[in-house]
Amino acid sequence: MIGAWFLRLAVLVSVLWLLPMLVIRAQPYDDAAVRTLLQPPEACPSPCFMGIRPGSMTVWDALDVLHMHRWVGAMEDYEFENFQNPDGTVTLVVNWDWSGTQPTLIDPARQGGVWVLDDRIVSIDVETELRLGDVKLSLGWPDREQIYTTRNVQGTFYTHYAWYEQPQILMIVANRCPVTQLDHSRVLLHWAEKAPEMPDMHNPRQACV
């Protein structure tokens, strides 16, 4: 008799513990904030972020957009970096601070940046609070996906790439091995004109131990 009573109590406790999770899962997924960040603004075909289009906009036009955009801090907060490429060309990176009015999913502590080659915008990078799992819930599975591993004196690290043809964004997650809770990891958004080269790797997760 006592055993049956304890069994009923255990079942009741389990139901009460599971009920909140079941209610949450039953609710429709609201991805409005995710789509506001990922989808291009009106009259600006993909790839596009804040009205800047990689592949078809000059750095001067992009600076005009940044200067006027309410998400961007003051002009004097811009930073310029130069990188020498193996072929002798120079890539310029323009970084800026956020104003505080940017979408909440953007990491306010990390600068945004546009990459410039031959006076033309080639890509845009934005660090976010967005989780990879939220991206998949909103956009579905990526068109291309890959994990690369690197080793140095500090250990083994992985970089996970997920490419979406629409809206032409690469989702990047970089962390220390092993690969755990990948869908809970924050992503860096990389808008580009075309998908990066991602050659196949044999059991990439196996190398990340």
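Residue numbers (our numbering): -7 to 201.
Every residue gets a Cβ at the ideal spot worked out from N, C-alpha and C, and that includes glycine.
Just so it is clear, the structure is predicted and the values come from calculations on it, not from any experiment.
What ranges does the beta strand (DSSP E) occupy inside the segment 110 to 189, keeping only unbroken runs of at least 3 residues that lie completely in it? Complete beta strand (DSSP E) runs here, min 3: 112 to 123, 136 to 144, 147 to 156, 161 to 168 and 178 to 184.
Using 8 angstroms as the threshold, is the segment 137 to 152 in touch with the segment 80 to 96, meaning 3 or more CB pairs across them? No: the two stretches stay apart, fewer than three of their Cβ pairs being nearer than 8 angstroms.
Limits of the unbroken alpha helix (DSSP H) element including residue 28: Position 36 of the sequence shown holds residue 28. Counting along the chain, the alpha helix (DSSP H) containing residue 28 begins and ends at 24 to 30.
Taking only three categories from DSSP, how would you classify residue 55? For the purposes of this step, residue 55 is identified with residue 63 of the sequence shown, where counting begins at 1. Of the three classes helix, strand and coil, the one that applies to residue 55 here is helix, per DSSP.
With residue 97 as the anchor, note down where its beta strand (DSSP E) starts and where it stops. Numbered from its first residue, the sequence shown carries residue 97 at position 105. Looking at the DSSP string, residue 97 is not in any beta strand (DSSP E), and its letter there is neither H nor E.
For residue 31, which option in 186, 181, 190 and 59 has the closest C-alpha, if you only look at C-alpha atoms? Start at 1 with the first residue of the sequence shown, and residue 31 comes out as number 39. With distances taken between Cα atoms, residue 31 lies closest to 181.
For the beta strand (DSSP E) that residue 81 lies in, which residues bound it at each end? Working through the sequence shown from its first residue, we reach residue 81 at position 89. Here residue 81 belongs to no beta strand (DSSP E), and DSSP marks it neither H nor E.
By Cβ distance, which residues of its chain are closer than 8 angstroms to residue 25, with the 5 residues on each side in sequence left out? Here residue 25 corresponds to residue number 33 of the sequence shown, with the count starting at 1. Cβ within range, chain order: 95, 96 and 97.
Exposure of residue 104, with buried meaning 16 or more beta-carbon neighbours within 10 Å: On the sequence shown, position 112 is the one that residue 104 refers to. So residue 104 counts as buried.
Using a 10 Å radius around the Cβ and a threshold of 16 neighbouring Cβ atoms, would you call residue 48 buried or exposed? Within the sequence shown, numbered from 1, the residue matching residue 48 stands at position 56. Residue 48 should be labelled exposed.
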